[in-house]
Every structure is written in structure tokens, then in C-alpha cells.
Amino acid sequence: MIRLSVNGRIQELTVKPHWTLLHVLRDKLGLTGTKLGCGTGECGTCTVLINGKAVHSCLMLAAQADGKEITTIEGLTTDGKLTALQKSIIEHHAFQCGFCTPGILMTAKALLDDNPNPTEEEIKSYLNGNLCRCGTYKYVIDAIKDLTKRSGGCK
Amino acid sequence: MAGQFRVVGKSVPSIDATEKITGTAKFAGDIQLPGMLYAKILGCPYPHARIRNINTSEAIKVSGVHEILTYDNCPQKRLPRTEFRPILMLEDHLRFVGDKVAVALAETEEIAEEALRKVKVEFEILPPVFDAFEASKPEAPRLYDESANISDPPYWQGKPATFEWGDWEKAFRKADIVVEHTFKTPSTFHAALEPRAVTANWDGKELVVWASSQAMFLDRDLLVKTLDLPVEKVKVKSRYVGGGFGGKFEDVLPSIAGFLSMKTGRPVRLVYTMEEEFILGRRRPSQVTRAKLGAAKDGTFIAIDYESYFNVGAEGNNVAGSSWFDTQVEEYRFPNGRFVAYDVNTNLSTGASQRGVHFPPWHFAVEQLIDDVAEKAGIDPIRIRTMNVYRKGEKTIPIGAVIASPIAIEETVGKAVSASGFWGKWKGWRTPVRVNGSKRVGIGVAYVKGWTDYMAHDSSATVKIRPDGMCELLVGHQDVGTESSTTLTQIAAEELGISMEKIRLISGDTSLVPHDAGAAGSRTLFSCGRAVMNAARDGKKKLMHVVAYKMNCSERDVAFHLENGKVNAKGKELHISQIINEPIIGTHINNMEEFGELLEYQGHSSWSYVRGGAHFHIAEVEVDTETGEVRVLKYVAVHDVGKAINPAIVRNQIYGGVLQGLGYSLVEEVIWNQGGRCLNPNFTDYKIFSFEDAPEIETIIVESANDGDPYGAKGIGEMSLNPVAGAMANAVYNAIGVRMYEIPMTPERIMKALGKI
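Protein sequence lines correspond, in order, to chains A and B. Taking this note's numbering, the leading residue of the first sequence gets 401, the next gets one more, and so forth. Taking this note's numbering, the leading residue of the second sequence gets 558, the next gets one more, and so forth.
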């Protein structure tokens, strides 16, 4: 039995030792916004926040997340209100198919929480583990830069 | 012109934005149904084998297992496909490492995997063949009993697709300049981040299949055929797709999942792992191409001879030979020529269309030959292209189609030249832009004549104007990430004179929307856009008619203000609900006649691709002659899209296409070992460009005059990738003075070309 706080809600579950956190989030809790891409920590589509840090949930065992605070893409908005980051992503058309987008948003949130005023190089370096085959990198960078410029450093 | 539009031409936000950025967009693998079972596939360990005996008695006993499917207990209907051989769902003849031996269906994926380990198979190992040239020989091991390995049956009857025009042999004899080389281009993965996924549910009356697909109607038609169901009992849903790039077409997976659901009466999910996606999915065929170009001494092209072997793997067919021969040879004016294409089956995974299909290899070869001719003729790389391109109104050779679009080459080239600072950098042939120690900077160009009219007749749309003033748009397009849901809604909003918020788009469900050929050939915006535009006009016309009748006036006296739901006639203003109590339905089915005539050439019927503007790329690279590394300093991509319905979406398509093209030029290559086993089916060993890899890419949109509905807009998805390898190879040549005949241009290949290793 593990106890997780997922998007502010306490979840108690019995898990098998080899289950990944991603499996539990998607298939046991129905939080399918977090995507299963490569399943081997190479593409970043499964990124969630664990105690505020961006983590590949496909590489973390569910049991390792016991007692941790987890935020998924479903928990990014509060009361259905989009965050400034999400709004900026929309304005800059920073997605195409949208499959990698939840992961990119979670990593970008971790970046901005960590470093509210990142340089372009810092943005690229922080997000380098999130692949986008449609190739929207420039627009994601623009969205983040524009956001930090407007707010003079943002959360 | 631009001022007259309200919605079209504006970078309005995506209509799917909220779903995509909040995680609520449901992809095929996100569908969860009560009582769902999970399927897994057992892959063949050999490149070529036949199943002598398969014993599933132990596997079926595993607790939680529901079915074990093999070739002898699955339906025996061949899948009627166009780009592939007509195979069965599962066969006893296995044609590549990983080919489908059996499928287990169980309560969980783990149980299914455990069951597969207990399937006992006795294989008869057959001799494999991996090289396309070897496989094309009559004595090569055969992959299909009924024909040799040169595919394209039934069209080419096992012979290469061959076209000849003019007196090409004489033309080459007369040519002042002749250049010829052999070019090798790699197989590459589509590498969509969403591995293919299917969820199927048979409820006793109807089969519903959620598929990650580029063509849901094709999937539906395959299901009808393989499962012997009437078409009204099959529904395919595919609203959100995590990237396709040509890979998610005509697959056997929906049939397998659908059959298992019908057999068990339970919902079935079949999702590939990324490794399975890479091995069992699709790949761009590798090509070996011998190309020869002849020209007069001033650089005017006289003849082309193009012969290419396409390695289309186990199930590929009709990828190269008869498809789009004309669009290739009509990229420039070639008065005489020969085009020979071998689609060859080999014991590698299945080769299929990938963004640009055979154009990226074509441009890699031909754009380099063109530079070679220019160098020998003593003219620059811009001049050689502008003097040999087709212009509007010209008849193409050999098909004889009349170019319908303006070829705004001067404007397109002009913008590329000024954005890249070309003339300040170009120092002449074999003269680098600059040299800094071991680092040499070069600049190169490539041109593409676009196309957009592929399968243009197979789109239709319905628009409903409702009494409450809202509108519904029903269209069969497949939005795989190109944001066609947004651009098509923009077109409908423009035509109906209402805001986008008042339009509800209904798509991604074969039971609700009219037929469409799917996301392919950069066709959607043009062909569906045309259908949407005309359906909206039809709806307005019908409404006009009803209003005139009800208000007892002439149609000329009626004015719409649909944004407010108001209609004016003869000084009276009424709400639309006072006029109609049922929706007015406007429809349009594209028909053949709208798109010119079907042309025939040497028994090859062709819709000539006469719509598509000029596209021009300029690459500036730095080559380190000590390490062999190629770095892109600046990349300029200028595209004439006729009309950008949504400029931000167009720029996204250009940027993403260039990025994939750079990967194709520099790093991407599927590698197999000598036994036909794929060695890099993952993102660590198969590199795609990441945030840090992406160089500076400048995207520039040109909008030439209107040359047909919708507003002159044309597809861009593939045009952005097609010229990249050509421009990159020409830039590398300018930097180091040595031609690269093989991509990707890895450090090793550069060092070899320099004679250093």
C-alpha cells in the first residue's frame, strides 16, 4: 500500500513492486494526460512533478513515490483557470499534435519555479529531455521567454 | 487582398488548444473502458521463416489469458491495401525480425507477455535477402510466392516502373555538360512520439475502434473487409493523433484488435511500445539512386536519367515506382529523360511513405547534379535554377499538364537571398564563405516546385446552419498535428461570416462525418478546405432561398448577419430562428472535374500536380575538417503557400519540416545488423533533433496571387522537408569542395569524403 498526494488529493493504492508511477497514474488513477511515449526515459512525454521537481514517471517505480506530492498536467490548472504559462504556449502556437505538450509544460513549470528568469540557453538545456517530433522547439522557447519578459520573472 | 478577410490570414489560436494543454485531449491509447483486455504481439526471431508448427496449449492455460491468435485461427481475408502488399492479419510466412507470429489477449499486458513466452514455435528458416539490389535479381530468395521481389503488382507485373520521353539517349550525346553520380539515402523512422495504439469495442451490434491513424476511413474499409462486417456496423474514431508523418496508414492493428474484441465480447487495447513502433511500425525506404543530368553549355537542361532502388522491406509496395513519377520529373523542365524505379521487397521491416515520400532523396540527388552543371557552365546556383523552372501556363514534360499556380521564383528566391545575405557570402564554386582554422563555412541552395492536389477529389464537407445561430462543420479530415481542425474552421467562419466560437467542428468519427482520403500528400488544407468553403457557400445559398420564400422577396434583397443570428430583407429584420426550425444543411463533395483532366502517359494515369508554388531554401553550414562535424549556422526557408490561412500554423509546419530534414541530412539512419536485426530502435541510438540541437531557422511565407479555392491556399507539410538534404549537401560542398553522395552526413562520412580516414 502506498500513499500519494496527486494534484492535491490523497490516493491510497496497493501496487505491485514493479509498477511504474506512470502506469499507476494512467491506468489506475485514469490520469491519461500524462503520456506514455518511449517508456525508457528518452522522450519526456511522461514528465510529472514530484515535490516540485520534473521527473520521468516511466522510470520511477510507484513505490518510490510513496509519501510524495505529485503534480500532473491535470493539476496544472486550478479551478479550470489556465496558468500564464499555458496561455503563453497557446499564444505562441507552441504545439502541433499535442502529444509531447503535457510533458513540456510540466518541465517548463519546474524550470520557471526553479529559475523565474531563464536565459535562452538555460531554457534549451532544461527542456532538452523533452523531444518534439513535430518540431515546435522555437515556439516553446518564445512562449517561455515572452512570459518571463512580460512578468519580469515569473512563477 | 488581405484586408478583405476577417478570420482567414490571421494567426488565431488553435481550436484544440485547451484540450492539448490541459491533458484532456484523448488519444487512442488513452481510451479506457470497463472490462478491457490487453493484447501483445510475439515477434519473429528470424528475418525469414515459415511456421512449421505452433503450439499454444501451454500459453492459453496461463491464468488471465483469453485468446492466443495465430495464423490458423484468425480470419483469412487479405487486407486490400494500396501502399502495401495485400497480407493477412497473421501469416505462417514471416518476413522480417519482429514480424507478427502470434497475439496474446489477457487481463493485463504482463499476463499477455507471460503467455507469449509459452508459445512454442517450430520455424523453418528460409534464406533472407536484405539488399534491394540483390533482392531484385531473379535468383534472390522470394518474399512472396506469387511474384518476384520487385513489387508494384499488379501495375508493373514485377518489372521496374519505367518511363521514357523524348530521345533521351541522343539528348545526352548532344549535351555539352553531363554529370552523373550514385546517391545513397537512408531509411529513417517516422518517430512520432505516440506509438501506434488501437482500442476496439464490439458491443454485439457495432464495432467501435479508436485508432491513431492518418486515414480513419481507410481503417474502416479494411475492418469491413477483414472482419466481414457491413460498413454501418464499423465506426473508427480518431480525433487526436500524436503525429503521423506518413507512418500511420492502412495498418493491420485495428483488424487484430477488432477481431479479438468480437471474439471475446470485451474491449481490447493494443498499444505498441516504442521499440515495437520502430520495428513493427514503418520506416522511410532507403534508396540507392543513379542519376544523370545533361545540359547545354549555358546550363539549360536537356535530359535526365534517374534510376532508383527503393528498399521497401517486407510488406511495402507501390511506394516509388508508379506513384508520383510525374511530380518528380516535373520539378524542372527536362525535355528528354528516363525514369526507372524499383520497389523491392526485402527481409527488413516495412518501408512506407514518410513525409515527402521519395522527394527528399530526389532533391538530395538532383539538386547536387544541378549545382554540378552550374559549376561546369560557369553560372551561379541561383541562375541555374531560375532558368530551368516551370512557369505558370507552361505545359509540363512529359505528362502535358498545364501549370496552374504562379511560380513566384523571383520573389521567393529574392526573400531567401536577402534573409541569408547570400550574395555577401557566395564567393564562387569550391570557394568557402570563410575559413577559420579547421573550420570551413559554406552556403548552398535548393528549390522545390510544390504540389498539393493529391487525392483532391476525395474530400467532402457538410455545414449546418442551426436555428439558434450556431453552425456545425462536419469534415472527414485527419488532424495529425497539422492543426487542420483550426484552419478548416477558419475557412468555414470566413465564409459564413461568423466568429470561430460559433462553429462546432465535428470530426474524427467515420459515423458522423463525410468521407476523406486522410492526411497525406500535403492535401488536407487544399482539398478539405475547398470542400468546407463550398459547403458553407451551399448552406448560405439554401438559407437565402428559404429566407426569400418565407419573406416573400427576391434573394437579392436578403442580407445575412449570421454573427448575430439576424437576417434582413425588405427593411425587416428577423432572427434566424423565426425563419427555420431545422438546420439548413450545406454540402460539397469535391469532384474530379474541379481538378482538371485525368492525363495518361505510357499507360500511367495521372492527376498532374499543377498547383503548388515556388519553395526555396538556403543553408549555411560550418564543417570542421578535423572532426568531420557539420553545424548549421543559419537556415532560411522561404515558401510560397499561395495564401496562409493561419500564418503561425504555416510557420510551425515549415520549422518542423526543416528540423526533420536536418535530422535526415545529418543524424537519422536506421541500422540493421547482418542478420536483419534493427540495432537502434530507441531514441538513444536513433537520434532526433532536440531543443539544444535546433539551429537558427528563419521561416518566410510568400503569398502569390490567388490561383484557385480555397483562397489560393496550398499544403506545406512536405514542401518544408523536401529540399533540405539537397541544400545541406550543396552547402557542405561549398565549404569543403567535396561532394557528399550519402546521407546522413555524419562526421565519419565527412572524414572519409575528405580522405582523412
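C-beta atoms are modelled at their ideal positions from N, C-alpha and C, and glycine is treated no differently. Note that the structure is a prediction, hence the values are computed from the model and not measured.
- Within the model, the alpha-carbon separation for B/Ile1000 versus B/Val992 is close to 13 Å.
- Counting other Cβ atoms within 10 Å of its Cβ, B/Ala1292 reaches 16 or more and is therefore classed as buried.
- CA-to-CA, the gap between B/Thr665 and B/Leu810 works out to about 18 Å.
- B/Arg563 counts as exposed, since fewer than 16 other beta carbons sit within 10 angstroms of its beta carbon.
- Comparing alpha-carbon positions, the option among B/Arg1113, B/Ala669, B/Pro1238, B/Ala848 lying closest to B/Lys618 turns out to be B/Ala669.
- Taking a contact to require three or more Cβ pairs closer than 8 Å, the stretch 1059-1069 of chain B and the stretch 771-781 of chain B qualify as touching.
- CA-to-CA, the gap between B/Lys1107 and B/Lys1097 works out to about 15 Å.
- Judged by DSSP secondary structure, B/Asn945 falls outside any beta strand (DSSP E) and instead within the alpha helix (DSSP H) spanning 938-945.
- About 7 Å separates the CB atoms of B/Glu1177 and B/Lys982; that is less than 8 Å, so the two are in contact.
- Counting along the chain, the unbroken alpha helix (DSSP H) around B/Gly981 starts and ends at 979-982.
- Proximity of B/Asp573 to chain A, defined by a Cβ-Cβ separation below 8 Å, is satisfied.
- Cβ neighbours of B/Ser1134 within its own chain (closer than 6 Å, five residues either side excluded): Pro1024.
- Between the stretch 898-916 of chain B and the stretch 678-696 of chain B, the count of C-beta pairs closer than 8 Å reaches three or more; the two stretches touch.
- Beta-bridge partners of B/Glu1179 (DSSP): B/Val998, B/Arg1188.
- Exclusion of the five residues before and after B/Val765 leaves Asn758, Lys792 as the residues of its chain whose Cβ lies within less than 6 Å of its Cβ.
- Rounded to whole angstroms, the gap between the alpha carbons of A/Ile490 and B/Gly994 is 45 Å.
- DSSP links A/Ser405 through a beta bridge to A/Ile410, A/Glu469.
- From the beta-carbon of B/Pro570, the residues of chain A found nearer than 8 Å are Ile490, Glu491, His493.
- Of all residues in the stretch 455-481 of chain A, only Thr472, Ile473, Glu474, Leu476, Thr477 place a beta-carbon less than 8 Å from a beta-carbon of chain B.
- Taking CB atoms only, B/Gln911 has no neighbour in chain A less than 8 Å away.
- If you draw a straight line from the Cα of B/Glu640 to the Cα of B/Gly870, it comes to about 12 Å.
- Beta-bridge annotation (DSSP): B/Ser843 is paired with B/Asn868.
- Counting along the chain, B/Ile1228 sits inside no alpha helix (DSSP H), nor does DSSP assign it H or E at all.
- Not a single C-beta of chain B is nearer than 8 Å to the C-beta of A/Gly408.
- Within the stretch 1227-1249 of chain B, the residues whose Cβ lies closer than 9 Å to some Cβ of chain A are Asn1239, Phe1240, Thr1241, Ile1245, Phe1246, Ser1247, Phe1248, Glu1249, listed in chain order.
- Check the Cα spacing between B/Val1167 and each of B/Thr1241, B/Glu1112, B/Ala1251, B/Gly1272: the tightest is with B/Gly1272.
- Non-local C-beta neighbours of A/Gly529 in its own chain, meaning closer than 6 Å and more than five positions away in sequence, comprise Gly444, ordered along the chain.
- If the five residues before and after A/Leu436 are omitted, its C-beta is found closer than 8 Å to the C-beta atoms of Leu422, Arg426, Thr445, Cys446, Cys458, all from its own chain and listed in chain order.
- Setting aside the 5 residues that flank it on each side, B/Asp1095 is surrounded in the same chain by Gly1143, Thr1144, His1145, each with a C-beta closer than 7 Å to its C-beta; the list follows chain order.
- Taking a contact to require three or more Cβ pairs closer than 8 Å, the stretch 1178-1189 of chain B and the stretch 734-742 of chain B do not qualify as touching.
- In the DSSP assignment, B/Arg895 falls within the beta strand (DSSP E) that extends over 893-902.
- Interface criterion not met: the Cβ of A/Asn517 is under 8 Å from no Cβ in chain B.
- The C-beta distance from B/Arg826 to B/Gly804 rounds to 20 Å, too long to meet the 8 Å contact threshold.
- Per the Cβ contact rule, the stretch 972-981 of chain B is in contact with the stretch 1184-1204 of chain B (3 or more Cβ pairs under 8 Å).
- Bridge partners of B/Asn993 according to DSSP: B/Lys996.
- Along the stretch 580-600 of chain B, the positions whose C-beta sits under 8 Å from a C-beta of chain A are Gly580, Thr581, Ala582, Lys583, Phe584, Gly586, Asp587, Gln589, read in chain order.
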